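Enquirer:
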Amino acid sequence: MSYLAAHPWSVIALLLQHLLIVASGLALSVAIAVPLGILVNTLRVLELPIMLVTGLMYLVPSLALFAFLIPFTGLGTKTAIVAQVVYSLLVIVRNTFAGLSAVPNAIREAATGNGLTAAQRLWLVELPMALPVIVGGVRVAAVMGVGIASIAAYVGAGGLGTLVFRGIATVDSDLILAGTLPIVALALSIDATLRFAESRLSA
Amino acid sequence: MTDDRPLAVELIGVSKRFGAVHAVRDISFAIRRGEICVLIGPSGCGKTTTLKMINRVIEPTQGSIRVHGEDTANKDPVLLRRGIGYVIQQVGLFPHMSVAENIAIALRLQRIPKAKRRERASDLLELVGLHRELLDRRPSELSGGQQQRVGVARALAGDPDIILMDEPFGAVDPLLRPQLQAELRRLQRRLQKTIVLVTHDLSEAFAVADWIVLMRAGEILQQGTPRELLQSPNSPFVREFLADVRVTDVLRLTAVRDVPRSQGAAALAGPAVSEEASLLDALRILSTHTDERPGGLVVVGADGSPRGAITVSDVLVAVAAALFKGSGT
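These protein sequences, in sequence, are chains A and B.
When the count follows the numbering used here, it moves up by one through the first sequence with no breaks and lands on 203 for the last residue.
When the count follows the numbering used here, it moves up by one through the second sequence with no breaks and lands on 532 for the last residue.
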């Protein structure tokens with residue numbers, strides 16, 4: 001623990017960097033995956049192709065994915081963020097679709113019958129009702145993102161993974177712990193926060 | 204019927220096919236403004252499909268539907284629906300919205316300010332017999348009957364002239380239904396709305412209808428006032444369908460004037476009953492004279508002049524005929 005005690009600010013700086021990668025990756029994932037989920041719910045024929053593609057992307061091992069991405073996105077943060085998006089799509093698309101399709105037909109019909117347009121029905125009824133399930137997907141993606149961002153230190157993305165990899169290279173368990181403990185704390189607190197949001201929304 | 208009121212809804216030769224299935228086949232009927240029309244028939248008869256074609260939740264395959272004289276095919280379906288209230292069996296309240304927000308959803312679409320929406324929701328809640336306290340509750344916190352009332356309030360929010368109701372009391376405790384039906388009737392008298400109601404419950408139809416459309420297998424078998432249906436069913440199926448009619452409905456819908464009279468009744472003395480009165484009224488009068496054991500009732504016209512008499516057995520025979528055969532045919 002001596003490294004953590006000796007250099008608290010540099011650890012905090014790495015933590016913030018880590019958080020930034022996770023947050024940007026997550027924002028980008030939501031911006032892509034939620035509309036995709038809506039699309040799948042509207043055009044059911046797309047369910048199989050979209051689920052297949054996002055499912056395959058999810059299966060690619062992370063180091064292989066980095067190796068594949070580097071020629072396009074180079075070394076650094078960009079690669080970390082893109083990788084996170086690649087892994088998050090499946091779970092957020094799937095949960096958005098699941099949440100939307102769980103809206104009972106009677107509710108949908110009541111909305112239409114009461115004069116809501118398809119867009120109003122989506123915004124005022126279906127998405128709010130699906131929100132807890134969507135947030136559940138975002139939570140899983142966020143926790144996964146913390147892990148992916150850690151490994152992304154390997155391709156120079158920065159973040160807390162830097163300490164872990166440096167510790168492994170120099171066989172310095174103190175350094176490894178200084179990276180690992182904040183990573184675990186970050187993952188747990190993101191999980192708890194979103195879990196809370198989820199339960200508030202579904203109440 | 205009084206025929207001078209304009210038509211609110213008119214279906215002309217309407218059919219609906221789902222693939223190879225003919226759900227509704229060339230049906231026509233009209234509903235006058237301020238009337239309650241009940242579509243009734245066994246499940247799968249096409250009554251719900253017919254209802255949903257009126258607000259274009261389902262598009263007809265053939266024929267035309269007019270609402271206030273205008274062909275609905277030429278209207279924007281969303282605008283059409285905003286002028287027509289809609290109540291469904293599963294109620295379909297939005298679970299993430301409060302009671303107030305649910306009721307006022309139509310007003311929100313019209314961008315009416317929030318305070319005004321709440322005020323209107325509150326008035327409507329009272330109109331359907333619920334307390335204002337419920338405004339901020341979630342639908343899940345209400346009983347089934349309360350939810351159904353909120354559903355009716357929501358349908359009334361945009362002040363539509365026409366309200367469509369698909370088995371509105373189907374999910375409600377059967378013991379509560381007669382009360383809700385009576386309330387619907389009262390509400391309709393007060394607001395003068397045109398209501399189209401779908402049910403498979405004969406007693407519900409007789410409790411609320413001005414006009415009954417009896418359907419089977421996508422076709423109309425017979426339509427008319429409850430009294431017309433009861434007195435002259437036009438086919439064995441209609442007769443059979445009406446076999447479950449309740450005694451009280453028969454009594455309520457049969458007029459003293461229509462009771463076939465036996466010979467010798469003319470000489471009878473007894474309490475007076477108007478020829479316009481129903482058999483239910485006649486029995487009520489008899490019940491106030493139980494000590495005298497009258498053999499019958501003296502029938503009087505609107506001006507009070509005697510028009511003969513009916514015996515108690517005349518009443519009994521008329522009821523029996525209506526209950527077991529469908530009298531008149």
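All C-beta atoms, glycine included, are put in the ideal place defined by N, C-alpha and C.
For clarity, every value in this text was computed on a predicted model and none was experimentally measured.
Which chain B residues sit within Cβ distance under 9 Å of P128 (chain A)?
Expert: Here residue 128 (chain A) refers to the residue found at position 128 of the first sequence. Within 9 Å Cβ-Cβ: F297, H299, M300.
Enquirer: Residues in its own chain within less than 7 Å of G222 (chain B) by CB, not counting five upstream and five downstream?
Expert: On the second sequence, residue 222 (chain B) is found 19 positions in, with the first residue counted as 1. The answer is none, since no qualifying residue turns up.
Enquirer: Below 9 Å on C-beta distance, what does I415 (chain B) contact in chain A?
Expert: The sequence position of residue 415 (chain B) within the second sequence is 212, counting from 1. None at all; the shortest Cβ gap to chain A is about 23 Å.
Enquirer: Which whole-angstrom value is the C-beta distance of I513 (chain B) and L526 (chain B), which I expect to be below 8 Å?
Expert: Counting from 1 along the second sequence, the entry for residue 513 (chain B) is found at position 310. Counting from 1 along the second sequence, the entry for residue 526 (chain B) is found at position 323. About 18 Å separates the two Cβ atoms, so there is no contact after all.
Enquirer: So L283 (chain B) packs on V270 (chain B), CB below 8 Å; how close in whole Å?
Expert: Position 80 of the second sequence, counted from the start, is the residue given in the question as residue 283 (chain B). Position 67 of the second sequence, counted from the start, is the residue given in the question as residue 270 (chain B). At roughly 7 Å, the Cβ-Cβ gap stays under 8 Å, so L283 (chain B) and V270 (chain B) are in contact.
Enquirer: Going along the chain, which unbroken runs of the alpha helix (DSSP H) with 4 or more residues stay wholly within the segment 415-458 of chain B?
Expert: Whole alpha helix (DSSP H) segments, 4+ residues: 429-434, 439-444, 450-456.
Enquirer: Identify whether R341 (chain B) lies in helix, strand or coil by the three-state DSSP scheme.
Expert: Residue mapping note: residue 341 (chain B) aligns to position 138 of the second sequence, counting from 1. R341 (chain B) falls in the coil class under three-state DSSP.
Enquirer: Kindly say whether V241 (chain B), judged by its beta-carbon, lies nearer than 8 Å to any beta-carbon of chain A.
Expert: Counting from 1 along the second sequence, the entry for residue 241 (chain B) is found at position 38. Not closer than 8 Å to any Cβ of chain A, the Cβ of V241 (chain B) fails to qualify, so no.
Enquirer: Using a Cβ-Cβ distance under 8 Å, would E198 (chain A) count as near chain B?
Expert: Residue mapping note: residue 198 (chain A) aligns to position 198 of the first sequence, counting from 1. Not one chain B Cβ lies under 8 Å of E198 (chain A).
Enquirer: Figure out for me which residue from B:P342, B:V353, B:P263 has the closest Cα to the Cα of L540 (chain B).
Expert: Because residue 540 (chain B) is not part of the residues shown, which for chain B are 204 to 532, the question remains open.
Enquirer: Determine, for L214 (chain B), whether the minimum Cβ-Cβ distance to residues of chain A falls below 8 Å.
Expert: Numbered from its first residue, the second sequence carries residue 214 (chain B) at position 11. No - not a single Cβ of chain A is within 8 Å of the one on L214 (chain B).
Enquirer: Rounded to the nearest angstrom, how far is the Cβ of P429 (chain B) from that of F444 (chain B), given a contact under 8 Å?
Expert: By 1-based counting over the second sequence, the position of residue 429 (chain B) is 226. By 1-based counting over the second sequence, the position of residue 444 (chain B) is 241. Actually they do not touch by this definition, with Cβ atoms about 13 Å apart.
Enquirer: Skipping 5 residues on each side, what residues in its chain have a beta carbon closer than 7 Å to that of Y58 (chain A)?
Expert: Residue 58 (chain A) sits at position 58 when you count from the first residue of the first sequence. These residues qualify, in order along the chain: Y87, L90.
Enquirer: Mind listing the chain A neighbours of I308 (chain B)? Cutoff is C-beta to C-beta under 7 Å, in chain order.
Expert: Here residue 308 (chain B) is taken as the residue at index 105 of the second sequence, counted from 1. Ordered by position in chain A, the residues that pass the 7 Å Cβ test against I308 (chain B) are N114.
Enquirer: Can you confirm whether Q84 (chain A), when its beta carbon is compared against all beta carbons of chain B, has any partner nearer than 8 Å?
Expert: Position 84 of the first sequence, counted from the start, is the residue given in the question as residue 84 (chain A). So, not an interface residue.
Enquirer: Of all the residues that make up the segment 22-44 of chain A, which are near chain B by a beta-carbon distance shorter than 9 Å?
Expert: Within the segment 22-44 of chain A, no residue qualifies.
Enquirer: Would you check if the distance between the CB atom of A309 (chain B) and the CB atom of G115 (chain A) is smaller than 8 Å?
Expert: The sequence position of residue 309 (chain B) within the second sequence is 106, counting from 1. The sequence position of residue 115 (chain A) within the first sequence is 115, counting from 1. Yes, the pair counts as a contact, with Cβ atoms nearer than the cut-off.
Enquirer: Just the C-alpha distance for G531 (chain B) and Q351 (chain B), rounded to the nearest angstrom, thanks.
Expert: Position 328 of the second sequence, counted from the first residue, corresponds to residue 531 (chain B). Position 148 of the second sequence, counted from the first residue, corresponds to residue 351 (chain B). Unreliable positioning characterises G531 (chain B) in this predicted model, as indicated by a pLDDT of 41, which lies under 50. The coordinate reading is nonetheless provided below. Distance between the alpha carbons of G531 (chain B) and Q351 (chain B) is about 39 Å.
Enquirer: Have a look at the DSSP bridge pairing and note the partners of I535 (chain B).
Expert: This structure does not reach residue 535 (chain B), given that chain B is present from 204 up to 532, and the question cannot be answered.
Enquirer: Between G145 (chain A) and L163 (chain A), is the Cβ-Cβ spacing less than 8 Å?
Expert: In the first sequence, the residue the question calls residue 145 (chain A) occupies position 145. In the first sequence, the residue the question calls residue 163 (chain A) occupies position 163. Going by C-beta atoms, G145 (chain A) is not nearer than 8 Å to L163 (chain A).
Enquirer: Can you look up E273 (chain B) in the DSSP assignment and give me helix, strand or coil?
Expert: What you label residue 273 (chain B) is simply residue 70 of the second sequence in a count that begins at 1. Correct three-state label for E273 (chain B): strand.
Enquirer: By DSSP, does V103 (chain A) sit in helix, in strand, or in coil?
Expert: Sequence index remark: in the first sequence, residue 103 (chain A) carries index 103 (1-based). If DSSP states are grouped into helix, strand and coil, V103 (chain A) belongs with coil.
Enquirer: Mind reading off the beta-carbon distance from V375 (chain B) to G347 (chain B)? Whole number of angstroms is fine, and I expect it under 8 Å.
Expert: On the second sequence, position 172 is the one that residue 375 (chain B) refers to. On the second sequence, position 144 is the one that residue 347 (chain B) refers to. So it is a contact: roughly 5 Å between Cβ atoms.
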